[in-house]
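Just so you know, we're using our numbering here: the sequence shown kicks off at 276 and counts up by one.
Note that CB positions come from ideal geometry on N, CA and C, so glycine has one too.
Keep in mind it's a predicted model, so treat the numbers as computed, not measured.
One structure is given here, and the rest of the page talks about it.
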Amino acid sequence: MLRHLKHLLIGNPLETASLQDQRLPKRSALAVLASDNLSSTAYATEEILRALTAGAAVGLALPLFYSIPIGAGIGLLTLVVVISYGQTLHAYPTGGGAYTVAKENLGITPALVAGSSLLIDYSLTVAVSITAGVAALTSALPSLYDHRVALCLFFLGLVFLANLRGLRESAALFSGPVYLFIIAAYLLVFGGLIRYATVGAPAAIPAPAEPQSVVWNFALVFLLLRAFASGCAALTGIEAVATGVQIFRKPVARNAAITLYILAAMLGTLFLGITVLAYLYHATPQEGETVLSQLSRTIFGTGPVYYFIQLSTMVILVLAANTSFTGFPRLASVMAQDRFLPRQLANLGDRLVFSNGILVLSIAAAGLIIIFDAQVHSLIPLYMVGVFTAFTLSQSGMVIHWWRSGQPGALRSALVNAFGATTTLAVLGVVAVVKFAQGAWLILLAIPTLVLVCRQVRRHYYSVGRELSLADYEKPEELLHTAVIPVPGMNRVVLSAVEYARSISKDVIAVTVNVTDQDREEMLAKWNAWAPDVPLVILNSPYRSIAGPLLRFIDEVQDWREDDVVTVVMPEFVPTRWWHQLLHNQTSLWLKAALLFKPRIVLTSVPHHIRSRERRRAGKGDSGPIPPPTVGH
């Protein structure tokens, strides 16, 4: 049943040979990788305005006009980062992004910092994008506001299932909504500018009182830097192109670079356009309605165009998570191949995607949504630290790369990356300082914690590799062992286990736990009638525990016998239906789980498959009814 349900939800498995067919053309890759960048235009301007007006209640506020030069500065920063990453794409077309660049040029620790920063950032991006999408929905339908957490988890589940279906399928599903948002966003920008030029701009809400003059002090400078740091949310997602470069068709580096430049051009025009409109139409952050909703309502009214813009905004914000669903599993697979993360993350799933990475990302994002109550403004301060840390390490590593390469034009390329590293390092310092009290301290703590976890994972794999190595292996002499059979009662399953134990060992002991205070002589008589040559040990259990006395007995066998191992032979029966398992105790399951971690113990299951009623009626070798087990199943 589970297998059929899995195939229904995510499709039939794909052959490994078709992996190359899963690569995307530029138009599809743009929809997959650009959704995060483009979606940030829906909330980055609002975060700038929120920071500028944060101190209005105590007389500390800056004119909203400052949002325009801040937006222009962020646009220039985007240009610097994109040019720098364009060089990275050509130098490292194998993918991995900042992690790969830092590992090959700066060392293991910087690489782990870059990788950890991006893994955390991808998780936060999913949470932010989906909560922002639901915020757009609840702006148009305020009655849904109290159900925002459930809505976020619902949309997260949809994106999760879509990505499990495969890269091409998710791209085909998401391309339409992404391009619809691009149309809607440009419609809003050009419509707003045309209306302002022709009939003027009515205020989206009553215009707030702004300070007539600015007397600069430390608090206002802090507000200005905080607004800039908040708006830098627009840069998230650029790294995903370098991480997921292998999703492109050949030539991968050229196609990825072209996609990156197109993405940057659309991001810059839309972000600056919305920022200018917000100032012209006096849109300011309001509880329950986004700035984008205010602009759409003021420019087009509450008609079909308004709902088209709001719906496309909600969809692109939800689908922005798809960028992280592309970047996170691929980065995790690269780190897992280096043994810094569990190796399961490096495995391709049925649909040739890294299913385990997709699952881990979904669980992390769901936890963030629940913990922060699906509040966009609580999540945004957390995730810019990680992305700018990765930017800085990537560009610093590229400087070393060009310095070592000796290629023609290497000096020019090194200078470009050095300028990019210096710029993003300065922005990282600003973001870390001004966002520290808002929650950035959590990320500054989480990144080194994850780095330590990665090192512990690598150390574990190293120690396991040494332990399993054949370098100093000595072939053991003949293995001596005692077979111990836990007996729930006398039935066919137990007798099958007894016969098997006799075939593998000359020393067989049966053991049962008397939980119902049965007569010992009667129990021995029943046993000796069927297996007189195998001694039966009866353990009393006044507190009706089964596993505890059995484990203590096996420990005692190990202590008073000089065997190499003790083989525990578990008699088990397998019902014909999966739900039949729910009707029986799972003592053997718990016992096997406990014995797995004990040294010098070998576990062997002897299954007995219960035949269906139809097969028994057909008389296929059945000599009569099967007596029910007495204890323990």
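The C-beta of N530 has 16 or more other C-beta atoms within 10 Å across all chains shown, which makes the residue buried. A distance below 7 Å between beta-carbons, with the five flanking residues on each side excluded, links A721 to the following residues of its chain, in chain order: I395. Annotated three-state conformation of H365 is helix, per DSSP. If you check the CB distance, I405 and A596 come in under 8 Å. Here the C-alpha atom of L668 lies approximately 10 Å from the C-alpha atom of T697. Inside the region 699-769, DSSP marks whole beta strand (DSSP E) runs of 3 or more residues at positions 756-761, from first to last along the chain. Counting along the chain, H884 sits inside no alpha helix (DSSP H); it lies in the beta strand (DSSP E) bounded by residues 876-884. Taking the C-beta atoms as reference points, S342 is found no nearer than 8 Å to A509. Taking 8 Å as the cut-off, the beta carbon of L606 is found no closer than this to the beta carbon of T588. Short of 8 Å from the beta carbon of V849, and not among the five residues preceding or following it, lie these beta carbons of its own chain, in chain order: P882, H883, H884, I885.
Excluding sequence positions up to five before and after C729, its CB lies within less than 8 Å of the CB of L387, G390, S391, M610, F615, L616, all in the same chain and listed in chain order. Its chain contains A596, S599, A640 as the residues whose beta carbon lies nearer than 6 Å to that of V401, once the 5 sequence neighbours on both sides are disregarded; these appear in chain order.
As the crow flies, the alpha-carbon of G346 is around 44 Å from that of D625. By the CB criterion at 8 Å, F603 and Y397 fall inside the cutoff. Counting C-beta atoms within 10 angstroms of its own C-beta, V628 has 16 or more neighbours from the protein chains shown and is therefore classed as buried.
Taken in chain order, the complete beta strand (DSSP E) segments of 3 residues or longer contained in the region 829-854 are 840-849. If you compare the alpha carbons of E837, V376, T601 with that of Q521, the shortest gap goes to T601. In this structure, L545 sits away from V424, with a CB-CB distance that is not shorter than 8 Å.
Ranked by how close their Cα comes to the Cα of L555, the residues L570, P817, W865, T699 have L570 in first place. G704 is not a Cβ neighbour of F503, given a cutoff of 8 Å. Contact between V783 and I760 holds, with the beta-carbon distance rounding to 7 Å and staying under 8 Å. One thing to note: L754 has its Cβ no nearer than 8 Å to the Cβ of D834. Residue range 811-815 is occupied by the beta strand (DSSP E) that includes I813. In this structure F430 touches G408 by the C-beta definition: roughly 7 Å separates them, less than 8 Å. Taking 8 Å as the cut-off, the beta carbon of A528 is found closer than this to the beta carbon of H365.
Distance from the CA of T511 to the CA of T559, rounded to the nearest whole angstrom, comes to 23 Å. For E514, the secondary structure class from DSSP, reduced to helix, strand or coil, is helix.
Secondary structure at Q561: strand, using DSSP grouped into helix, strand and coil. Comparing alpha-carbon positions, the option among A459, L499, I574 lying closest to A472 turns out to be I574. The Cβ neighbour count for R767, taken over all protein chains shown within 10 Å, is under 16; the residue is labelled exposed.
W805 counts as exposed, since fewer than 16 other beta carbons sit within 10 angstroms of its beta carbon.
Put simply, the backbone Cα of S637 is about 29 Å away from that of Y737. When secondary structure is reduced to three states using DSSP, T550 falls in the helix class.
Apart from sequence neighbours up to five positions away, the residues of its chain that approach Y581 with a beta-carbon distance below 7 Å are S571, R572, F575, ordered along the chain. Scanning V732, G370, L294 for the CA closest to the CA of Q619 turns up V732. Per the C-alpha coordinates, the member of R325, I829, C507, V376 positioned closest to L351 is C507.
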